[in-house]
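Quick notes on the structure that follows.
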Amino acid sequence: MVLPPVVGGIALLTAFGRQGIVGQYLYDWFNVSLPFTRTAVVMAQVFVAMPFLVLAVEAAFRQSDRGLEDAARTMGASPSRVFFTIAIPAARPAIIAGLALAWARSLGEFGASITFAGSFPGRTQTLPMAVYELVSVDYRLSLVLSLVLIFISVAVLAAMRDRWMAGR
Amino acid sequence: MDGWPMSISLNGSVGRGEFERSFNFTVADGEVLAITGPNGSGKSTVIHTIAGLIQLRSGSLESDGAMWDASDSKVWVAPENRTCAVVFQDLRLFPHMNVISNVAYGLRARGVNKDEAIERSKKMLTRVGLSSFDKRLPNDLSGGERQRVALARALVLEPRLLLLDEPLSAVDSASRAALRELLPEVLGSFAGATILVTHDLGDVEAMATANISLN
């Protein structure tokens, strides 16, 4: 979370670029090249946004009620059944909040995506990239796109307010 | 399940020595053995150890000649494979499941098909006086009603051994009186053996057929 996204993008390029540590084998063996593709956008956004999901879910599991899990065990449930029927449902609000937060974070993602996936309109260009490129070309259009992003951010904040107000 | 006495031999210690006692007791089917003692005397620990939620640090736990926990030989029967059911002091109903799902949970976990599990759970709920509560969530119930759900949830499993941990401590006095009437009645038609842990001698009088004291 503290890593600058651009650095994350460089890391992904180093790992999965055509000459990258993993990427060279992907290309040699499977003829797969990841950088500057839609898959690369998804990878970059997941890379940047995942910590938000992990933190939220981890905190929920840490606070989970061992008593309920113990009770389920005494009723004949195996550990995996306890996980899916007791632990996951108990963590559901946190999982949903973490997903929303991660999704919102990836929506605004710029640095890692542009480094690893580039900004090809219609292929890898995301809204923030479009805003950035349009500023000097079509200011009004970039303003409209910015408003869309602001609207989405406010909507996410509004939807999550109960959780954040109550949580901390 | 033809009426031989269930013998539990618990001999050892758990944790950092806060509980070090040796027990040998036999409960016959249909019998309710009360274990009494003041708060902090290790009553709940006995229940949790028998249920397999606490592992013995030393010593062993045997039930009906089968070793459930032996610290020296690494024998350990997981809680889900022990033939007992627990009503916890704090009930531990699953808050995200309605009443019928709470009661059917153990049957489903033990491989009973869904229709049969629901049907048996409904019958059990009727026996504890909660026939129209299927779809309610635990948080919408009164203390006494929650207690009945917890009881139904344990009994529906038809365990060899039923473990009741302070079954009446979480309810108000009005519900307690009602439950003190209901419990002996329900336990009367229960085929297995029961161990009742309580600090309340009124519970012992109302339900128990034998009593040992931790003191």
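Sequence lines, in order, name chains P and C.
Everything in the first sequence is counted per the working numbering, starting at 1 for the first residue and increasing by one.
Everything in the second sequence is counted per the working numbering, starting at 1001 for the first residue and increasing by one.
Think of the CB as a built atom: it goes at the ideal place given N, C-alpha and C, for glycine as much as any other residue.
Chain C contact residues for residue 93 of chain P, given Cβ-Cβ distances below 9 Å
The sequence position of residue 93 of chain P within the first sequence is 93, counting from 1. Correct list: empty, because the minimum Cβ distance to chain C is about 10 Å.
Would a check of beta-carbon distances place residue 89 of chain P closer than 8 Å to chain C?
Within the first sequence, residue 89 of chain P is the residue found at index 89, counting from 1. Closer than 8 Å to some Cβ of chain C, the Cβ of residue 89 of chain P qualifies, so yes.
Residues within the region 1072 to 1094 of chain C neighbouring chain P, beta-carbon criterion of under 9 Å:
Listed by position, the residues of the region 1072 to 1094 of chain C near chain P (Cβ gap below 9 Å) are 1078, 1079, 1080, 1081, 1082, 1084, 1085, 1086, 1088, 1090, 1091, 1092, 1093, 1094.
Smallest Cα separation from residue 1025 of chain C: which of C/1065, C/1172, C/1053?
Position 25 of the second sequence, counting from 1, holds the residue named residue 1025 of chain C. Nearest option by C-alpha distance: C/1065.
Should residue 1159 of chain C be labelled buried (16 or more other beta-carbon atoms within 10 Å of its own) or exposed?
By one-based count along the second sequence, residue 1159 of chain C stands at place 159. By the neighbour-count criterion, in which 16 or more other beta carbons inside 10 Å mark a residue as buried, residue 1159 of chain C falls on the buried side.
For residue 1195 of chain C, the first and last residue of its enclosing alpha helix (DSSP H)
By one-based count along the second sequence, residue 1195 of chain C stands at place 195. It is not in any alpha helix (DSSP H) - residue 1195 of chain C instead sits in the beta strand (DSSP E) that spans 1193 to 1198.
Counting C-beta neighbours from all protein chains within 10 Å, is the total for residue 168 of chain P 16 or more, i.e. buried, or is it exposed?
Position 168 of the first sequence holds residue 168 of chain P. The pLDDT assigned to residue 168 of chain P is 43, lower than 50, so where the model puts this residue is not dependable; a value taken from the coordinates is nonetheless given after this. The residue in question, residue 168 of chain P, is exposed, as its Cβ has fewer than 16 Cβ neighbours within 10 Å.
Residues bridged to residue 1026 of chain C (per DSSP):
Counted from its first residue, the second sequence places residue 1026 of chain C at position 26. According to DSSP, residue 1026 of chain C bridges with C/1007.
Quick check: is the beta carbon of residue 1110 of chain C nearer than 8 Å to any beta carbon in chain P?
As a position in the second sequence, residue 1110 of chain C is number 110, starting the count at 1. Residue 1110 of chain C counts as touching chain P.
If contact means a Cβ-Cβ distance below 7 Å, which residues of the region 1105 to 1138 of chain C contact chain P?
So the close ones are 1105, 1106, 1109, 1110.
Identify the contact partners of residue 1053 of chain C in chain P, using a Cβ-Cβ distance below 8 Å as the criterion.
Reading the second sequence from its first residue, position 53 is the one you call residue 1053 of chain C. The answer, in chain order, is 70, 73, 74.
Excluding the 5 residues preceding and the 5 following residue 1136 of chain C in the sequence, name in chain order all residues of the same chain whose CB lies nearer than 7 Å to its CB.
In the second sequence, the residue the question calls residue 1136 of chain C occupies position 136. Around residue 1136 of chain C: 1098, 1099.
Please list, in chain order, the residues of the region 37 to 60 of chain P that have any C-beta partner in chain C closer than 9 Å.
Listed in sequence order: no entries.
Specify, as a first and last residue, the run of the beta strand (DSSP E) that residue 1059 of chain C falls within.
The count along the second sequence starts at 1 and reaches residue 1059 of chain C at position 59. Residue 1059 of chain C -> beta strand (DSSP E) spans 1058 to 1063.
Considering only residues of the same chain and omitting the five flanking positions on each side of residue 1208 of chain C, which have a CB-CB separation below 8 Å?
Counting from one through the second sequence, the residue named residue 1208 of chain C turns up at place 208. Result list for residue 1208 of chain C: 1032, 1033, 1034, 1196, in chain order.
Report buried or exposed for residue 1069 of chain C, applying the criterion of at least 16 other Cβ atoms within 10 angstroms of its Cβ.
What you label residue 1069 of chain C is simply residue 69 of the second sequence in a count that begins at 1. The residue is buried, with at least 16 neighbouring Cβ atoms inside 10 Å.
Looking at the secondary structure, which residues open and close the beta strand (DSSP E) in which residue 37 of chain P lies?
Within the first sequence, residue 37 of chain P is the residue found at index 37, counting from 1. Note, residue 37 of chain P: premise wrong, no beta strand (DSSP E); not H, not E.
Taking residue 90 of chain P as the reference, which of C/1087, C/1095, C/1089 has the closest Cα?
For the purposes of this step, residue 90 of chain P is identified with residue 90 of the first sequence, where counting begins at 1. Nearest option by C-alpha distance: C/1095.
Helix, strand or coil for residue 1097 of chain C, going by three-state DSSP, please let me know.
Numbered from its first residue, the second sequence carries residue 1097 of chain C at position 97. Annotated three-state conformation of residue 1097 of chain C is coil, per DSSP.
So, helix, strand or coil for residue 1165 of chain C, using DSSP?
The residue given as residue 1165 of chain C occupies position 165 in the second sequence. Assignment of residue 1165 of chain C by DSSP, reduced to helix, strand and coil, places it in the strand class.
Quick one: what's got a C-beta closer than 7 Å to residue 104 of chain P's C-beta in the same chain, skipping five residues either side?
By 1-based counting over the first sequence, the position of residue 104 of chain P is 104. Result list for residue 104 of chain P: 153, 156, in chain order.
Within 8 Å (strictly less), CB to CB, does residue 1151 of chain C reach chain P?
Position 151 of the second sequence, counting from 1, holds the residue named residue 1151 of chain C. False, the Cβ-Cβ gap to chain P never drops below 8 Å.
8 Å is my cut-off, CB to CB: does residue 78 of chain P come that close to chain C?
As a working mapping, residue 78 of chain P is identified with position 78 in the first sequence. Yes, contact with chain C.
Strand pairing of residue 1033 of chain C, partner residues [DSSP]
Reading the second sequence from its first residue, position 33 is the one you call residue 1033 of chain C. C/1195, C/1210, per the DSSP bridge assignment.
Thinking C-alpha only, which one of C/1153, C/1090, C/1057 is nearest residue 1128 of chain C?
Taking the second sequence and counting its residues from 1, the one referred to as residue 1128 of chain C is at position 128. Looking at the Cα atoms, C/1153 is the closest of the given residues.
For a contact defined as C-beta to C-beta under 7 Å, what are the partners of residue 1056 of chain C on chain P?
Position 56 of the second sequence, counted from the start, is the residue given in the question as residue 1056 of chain C. Within chain P, no residue comes near residue 1056 of chain C; the closest Cβ sits about 16 Å away, beyond 7 Å.
Chain C partners of residue 67 of chain P, CB-CB under 8 Å?
Residue mapping note: residue 67 of chain P aligns to position 67 of the first sequence, counting from 1. Chain-ordered, the chain C residues with CB closer than 8 Å to the CB of residue 67 of chain P read 1088, 1090, 1092.
Helix, strand or coil for residue 1069 of chain C per DSSP?
Position 69 of the second sequence, counted from the start, is the residue given in the question as residue 1069 of chain C. In the structure shown, residue 1069 of chain C sits in a strand (DSSP, three-state: E or B).
Could you check where the alpha helix (DSSP H) with residue 1174 of chain C kicks off and where it finishes?
For this step, residue 1174 of chain C is matched to residue 174 along the second sequence. Membership of residue 1174 of chain C in the alpha helix (DSSP H) is indicated by the continuous run 1173 to 1188.
For the alpha helix (DSSP H) containing residue 15 of chain P, name the first residue and the last one.
Here residue 15 of chain P corresponds to residue number 15 of the first sequence, with the count starting at 1. Per DSSP, residue 15 of chain P belongs to the alpha helix (DSSP H) from 5 to 16.
With three or more C-beta pairs closer than 8 Å as the rule, is the region 34 to 47 of chain P touching the region 139 to 153 of chain P?
Contact between the region 139 to 153 of chain P and the region 34 to 47 of chain P is absent, because fewer than three Cβ pairs lie under 8 Å.
Length of the line joining the Cα atoms of residue 106 of chain P and residue 123 of chain P:
The count along the first sequence starts at 1 and reaches residue 106 of chain P at position 106. The count along the first sequence starts at 1 and reaches residue 123 of chain P at position 123. The straight-line gap from Cα to Cα measures roughly 17 Å.
Where residue 1162 of chain C meets chain P, residues with beta-carbon distance less than 9 Å:
Walking along the second sequence from the start, residue 1162 of chain C turns up at place 162. Within chain P, no residue comes near residue 1162 of chain C; the closest Cβ sits about 11 Å away, beyond 9 Å.
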